[in-house]
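Student: Protein sequence lines correspond, in order, to chains A and B.
Each residue of the first sequence is one higher than the last, beginning at 1 in this note's numbering.
Each residue of the second sequence is one higher than the last, beginning at 1001 in this note's numbering.
Ideal Cβ positions, reconstructed from N, Cα and C, are used throughout, including at glycine.
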Amino acid sequence: IGVFGNTQQQTLEVVYDVTAGRIGFGPGGCS
Amino acid sequence: ALERSEDQIEAISHHYHTLKLSTFISSAVCNPSTNGEKRKGSLQMVHKHGPCSKFNEDMMKSLTLDEIFSRDQSRVDSILNKVRKEIQGSKTTLPAKSGSSIGTLNYIVTIGLGTPKKDFTLAFDTGSDLTWTQCQPCAGSCYSQQDPIFQPSTSSTYSNISCSSSECAQLDLARCSSSTCVYRVGYGDGSFTIGFFAKDKLTLTSEDVIDDFFFGCGQDNEGLFVGVAGLFGLGRDKLSFVSQSADKYGKVFSYCLPSIDSSSGFLMFGSSGIGSNVVYTPLSASQDNSFYGLDLEAIYVKGNKLEINPTVFTTSGMIIDSGTIITRLPPTAYSALSEAFQAEMTQYPLTQGPSLFDTCYDFSNYENITIPKISVVWSGNVNVEIPPQGILIPVSNEVYCLAFAANQDDSD
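(1) Decide yes or no for the touch test of the region 1265-1283 of chain B against the region 1374-1386 of chain B: beta carbon pairs closer than 8 Å, at least 3 of them.
(2) Looking only at its chain, what residues have a beta carbon closer than 6 Å to the beta carbon of L1130(B), apart from the 5 residues adjacent to it on each side?
(3) Rounding to the nearest angstrom, what Cα-Cα distance links K1199(B) and Y1158(B) in this structure?
(4) Under the three-state reduction of DSSP, which class applies to A1333(B): helix, strand or coil?
(5) List, from N- to C-terminal side, the beta strand (DSSP E) runs of 3 residues or more that fit wholly inside the region 1171-1256 of chain B.
(6) Please determine if the region 1140-1155 of chain B and the region 1108-1116 of chain B are in contact, where contact requires at least 3 C-beta pairs separated by less than 8 Å.
(7) Can you say whether D1066(B) is buried or exposed, counting buried as having 16 or more other CB atoms within 10 angstroms of its CB?
(8) Return the chain-ordered list of same chain residues with a C-beta closer than 8 Å to the C-beta of A1336(B), the five sequence neighbours on each side being excluded.
(9) For a cutoff of 8 Å on Cβ pairs, would you count A1123(B) as touching chain A?
(10) How would you label T11(A), buried or exposed, when you count the other beta carbons within 10 angstroms and need 16 or more for buried?
(11) Can you give the Cα-Cα distance for L1094(B) and L1122(B), rounded to whole angstroms?
(12) In whole angstroms, give me the CA-to-CA distance for F1069(B) and S1156(B).
(13) Our contact map puts V1076(B) next to R1328(B) with C-beta atoms below 8 Å; I'd like the distance itself, whole angstroms only.
(14) Determine, using beta carbons only, whether G1235(B) and S1290(B) come nearer to each other than 8 Å.
(15) Near G1140(B), which residues of its chain fall below 7 Å by C-beta distance, leaving aside the five closest residues on each side in sequence?
(16) Judging by CA-CA distance, which residue of I1374(B), S1264(B) and Q1342(B) is the nearest neighbour of P1051(B)?
(17) Span of the alpha helix (DSSP H) holding Q9(A)?
(18) Evaluate G1303(B) with the Cβ neighbour count: other Cβ atoms within 10 Å of its Cβ, from every protein chain shown; 16 or more gives buried, anything less gives exposed.
(19) Which whole-angstrom value describes the C-beta separation of F1192(B) and E1222(B), a residue pair presumed to lie in contact below a C-beta threshold of 8 Å?
(20) Using 8 Å as the threshold, is the C-beta distance between G5(A) and I1079(B) below it?
(21) Is the beta carbon of F1357(B) less than 8 Å from the beta carbon of A1405(B)?
(22) Could you tell me the alpha carbon to alpha carbon distance between Y1143(B) and V1384(B), rounded to whole angstroms?
(23) Spell out the partners DSSP gives R22(A) in its beta bridges.
(24) Closer than 9 Å by beta-carbon distance: list the chain A residues that pair up with A1403(B), in chain order.
(25) Between the C-alpha atoms of V1301(B) and G1041(B), what's the straight-line distance to the nearest angstrom?
(26) Provide the residue span of the alpha helix (DSSP H) that contains V1382(B), from first to last.
(27) So which of C1401(B), G1323(B), G1390(B) and K1248(B) has the shortest CA-CA distance to L1350(B)?
(28) Looking at the secondary structure, which residues open and close the alpha helix (DSSP H) in which V1312(B) lies?
(29) Starting from C1168(B) and walking both ways along the beta strand (DSSP E), at which residues does that stretch end?
(30) With DSSP as the reference, identify every bridge partner of T1133(B), one or two as the case may be.
(31) When you compare each of L1021(B), S1259(B), V1312(B) and Y1361(B) to P1032(B) by their alpha carbons, which one comes out closest?
(32) Can you give me the C-alpha to C-alpha distance between G1275(B) and G1250(B), rounded to a whole angstrom?
(33) Does K1251(B) get closer than 8 Å to chain A when you measure Cβ to Cβ?
(34) Measuring CB to CB, does G1273(B) end up less than 8 Å from Q1134(B)?
(35) Is the shortest distance between the beta-carbon of M1345(B) and the beta-carbons of chain A less than 8 Å?
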């Protein structure tokens, strides 16, 4: 299995919507 | 730049990042993120070694790079073992090190526990389910942590869970001690925690309180956890915080992991406040375990799609994990990525790096660098551009490596 690690996730807004069965990504999440 | 046409400059900015190398260095001053702050269900997220961390230097004696990447590999190995175990069935003989993993949990949040509330700094982990903290009297052993160790007898809302409870039955490894449920969690690097399965009030903010939160009150805690008071488990299983707080937050959470120069991020529960520019990919149906699976479909370098047979991605699948540092790709996909990246970096001298990496550069003569942009495309044509801090990782003051690595086999 591949793993999307935390270095690549840095500064993105990462959303775990388990109920809707989806994962989201948005740029500039920390700023 | 003066010699370039406007079209050329536009093309360069569209497909490349031009950066100061200092972008990759930690700032000395803590500038807390304002995004997510003061919202309901929101916590500040900081890097354990960043400027907003309250951990002192003695507590946080730096690991060597070899140790860091060895632990990262240990975490990935244990994830692979756990997934294999669930695919092949529980009767399959597997290495003893299967199970959740500790690895390199560098991101930390502070939560409150008990009545009156005491604050504890926990490692944030989407690859673990059970939340636990070290507990007095540390009947086995406790490692050193920055916060005072939780004292259950001082909390008026604390209680142990009985062996006959349905919650005790949900633990992977449990036994009874005088009718009290005792949990055990082993991690991929040999670390473990054993203690009383308990419940108490958990406080995120004054408005966000879970009255009966089930967690591990660790009496024997050994391994590479030093500094943090325990783990905050955000996996998909029934005992994770995500499941236990489902009534309150609807199994929705979001975070921003700060880069080393951006001081702090956030961890937020619930759907309010999620950015309007977020794009969604389906959770993968193929990952029937506590990990969060997603399907990678393509990789772009400098706007060009890499020629990778789609079956390379579908054979093994992918998960997203907050505790693994370096993204692992099937070898065929990694080779294509590395080759395309190197083709755009011919102006910089290649050099040797840690064994996990094979694409490292010596930037000792540079203040600014230009690197090609990298994007990944998830199922549903969801294109995510990797931030520049996610493309290169500094392994010394001068040497920076492409921050991706290969699994051993495309079928891993």
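Tutor: In short, the structure shows the following:
(1) Verdict: yes, contact present.
(2) Here residue 1130(B) corresponds to residue number 130 of the second sequence, with the count starting at 1. Closer than 6 Å at Cβ, skipping near neighbours: V1185, G1216, G1233 and L1239.
(3) The residue you call residue 1199(B) lines up with position 199 of the second sequence. The residue you call residue 1158(B) lines up with position 158 of the second sequence. As the crow flies, the alpha-carbon of K1199(B) is around 6 Å from that of Y1158(B).
(4) As a working note, residue 1333(B) is residue 333 in the second sequence. Taken through DSSP and simplified to helix, strand or coil, A1333(B) comes out as helix.
(5) As far as the region 1171-1256 of chain B is concerned, its whole beta strand (DSSP E) runs of at least 3 residues are 1174-1177, 1180-1186, 1192-1205, 1208-1222, 1230-1233 and 1252-1256.
(6) Three or more beta-carbon pairs drawn from the region 1140-1155 of chain B and the region 1108-1116 of chain B are found closer than 8 Å, and the two stretches are therefore classed as touching.
(7) Position 66 of the second sequence, counted from the first residue, corresponds to residue 1066(B). D1066(B) should be labelled exposed.
(8) Locating residue 1336(B) in the second sequence gives position 336, where the first residue counts as 1. Taking C-beta separations shorter than 8 Å and ignoring five residues to either side along the sequence, the partners of A1336(B) in its chain run I1299, L1306, E1307 and I1308, following chain order.
(9) As a position in the second sequence, residue 1123(B) is number 123, starting the count at 1. No, A1123(B) lies away from the interface with chain A (no Cβ there is under 8 Å from its Cβ).
(10) Position 11 of the first sequence holds residue 11(A). T11(A) sits buried, since 16 or more C-beta atoms from the chains shown fall within 10 Å of its C-beta.
(11) Sequence index remark: in the second sequence, residue 1094(B) carries index 94 (1-based). Sequence index remark: in the second sequence, residue 1122(B) carries index 122 (1-based). Only weak support is given to the placement of L1094(B): the predicted model assigns it a pLDDT of 31, under 50, and the value that follows is read from those uncertain coordinates. Cα to Cα, the separation comes out at about 30 Å.
(12) One-based indexing of the second sequence puts residue 1069(B) at position 69. One-based indexing of the second sequence puts residue 1156(B) at position 156. Their backbone Cα atoms lie some 42 Å apart in a straight line.
(13) Against the second sequence, residue 1076(B) aligns to sequence position 76. Against the second sequence, residue 1328(B) aligns to sequence position 328. 6 Å between Cβ atoms; contact.
(14) Here residue 1235(B) refers to the residue found at position 235 of the second sequence. Here residue 1290(B) refers to the residue found at position 290 of the second sequence. Yes, the Cβ-Cβ distance between G1235(B) and S1290(B) is below 8 Å.
(15) Residue 1140(B) sits at position 140 when you count from the first residue of the second sequence. Closer than 7 Å at Cβ, skipping near neighbours: I1194, Q1219 and D1220.
(16) In the second sequence, counting from the first residue as 1, residue 1051(B) sits at position 51. Checking every option, the nearest Cα to that of P1051(B) belongs to S1264(B).
(17) Counting from 1 along the first sequence, the entry for residue 9(A) is found at position 9. Judged by DSSP secondary structure, Q9(A) falls within the alpha helix (DSSP H) whose first and last residues are N6 to Q9.
(18) Here residue 1303(B) refers to the residue found at position 303 when the second sequence is read from its first residue. By the 16-neighbour rule on beta-carbons within 10 angstroms, G1303(B) is exposed.
(19) In the second sequence, counting from the first residue as 1, residue 1192(B) sits at position 192. In the second sequence, counting from the first residue as 1, residue 1222(B) sits at position 222. So it is a contact: roughly 6 Å between Cβ atoms.
(20) Within the first sequence, the letter at position 5 stands for residue 5(A). Within the second sequence, the letter at position 79 stands for residue 1079(B). No, they are not a contact pair.
(21) Position 357 of the second sequence, counted from the start, is the residue given in the question as residue 1357(B). Position 405 of the second sequence, counted from the start, is the residue given in the question as residue 1405(B). Contact: yes.
(22) Locating residue 1143(B) in the second sequence gives position 143, counting from the first residue. Locating residue 1384(B) in the second sequence gives position 384, counting from the first residue. If I take the Cα positions, the gap works out to 40 Å.
(23) One-based indexing of the first sequence puts residue 22(A) at position 22. Answer is D17(A) and P1282(B).
(24) Taking the first residue of the second sequence as position 1, residue 1403(B) is located at position 403. Residues of chain A passing the Cβ test: G5, T7 and Q8.
(25) Within the second sequence, the letter at position 301 stands for residue 1301(B). Within the second sequence, the letter at position 41 stands for residue 1041(B). Roughly 37 Å separates the two Cα atoms.
(26) Walking along the second sequence from the start, residue 1382(B) turns up at place 382. Counting along the chain, V1382(B) sits inside no alpha helix (DSSP H); it lies in the beta strand (DSSP E) bounded by residues V1382 to E1385.
(27) The residue labelled residue 1350(B) in the question sits at position 350 within the second sequence. Taking only the C-alpha atoms, the option nearest L1350(B) is C1401(B).
(28) Counting from one through the second sequence, the residue named residue 1312(B) turns up at place 312. P1310 to S1316 is the extent of the alpha helix (DSSP H) around V1312(B).
(29) Sequence index remark: in the second sequence, residue 1168(B) carries index 168 (1-based). Where C1168(B) is concerned, there is no enclosing beta strand (DSSP E), although the alpha helix (DSSP H) around it starts and stops at S1166 to A1169.
(30) Here residue 1133(B) corresponds to residue number 133 of the second sequence, with the count starting at 1. Answer is C1217(B) and G1230(B).
(31) The residue you call residue 1032(B) lines up with position 32 of the second sequence. If we check each option's Cα against that of P1032(B), S1259(B) comes out closest.
(32) Indexing the second sequence from 1 puts residue 1275(B) at position 275. Indexing the second sequence from 1 puts residue 1250(B) at position 250. Between the alpha carbons of G1275(B) and G1250(B) lies a gap of roughly 17 Å.
(33) As a working note, residue 1251(B) is residue 251 in the second sequence. Chain A contact via Cβ: present.
(34) Locating residue 1273(B) in the second sequence gives position 273, where the first residue counts as 1. Locating residue 1134(B) in the second sequence gives position 134, where the first residue counts as 1. Cβ distance not < 8 Å, so G1273(B) and Q1134(B) don't count as in contact.
(35) Mapped onto the second sequence, residue 1345(B) falls at position 345. By this cut-off, M1345(B) is not an interface position.
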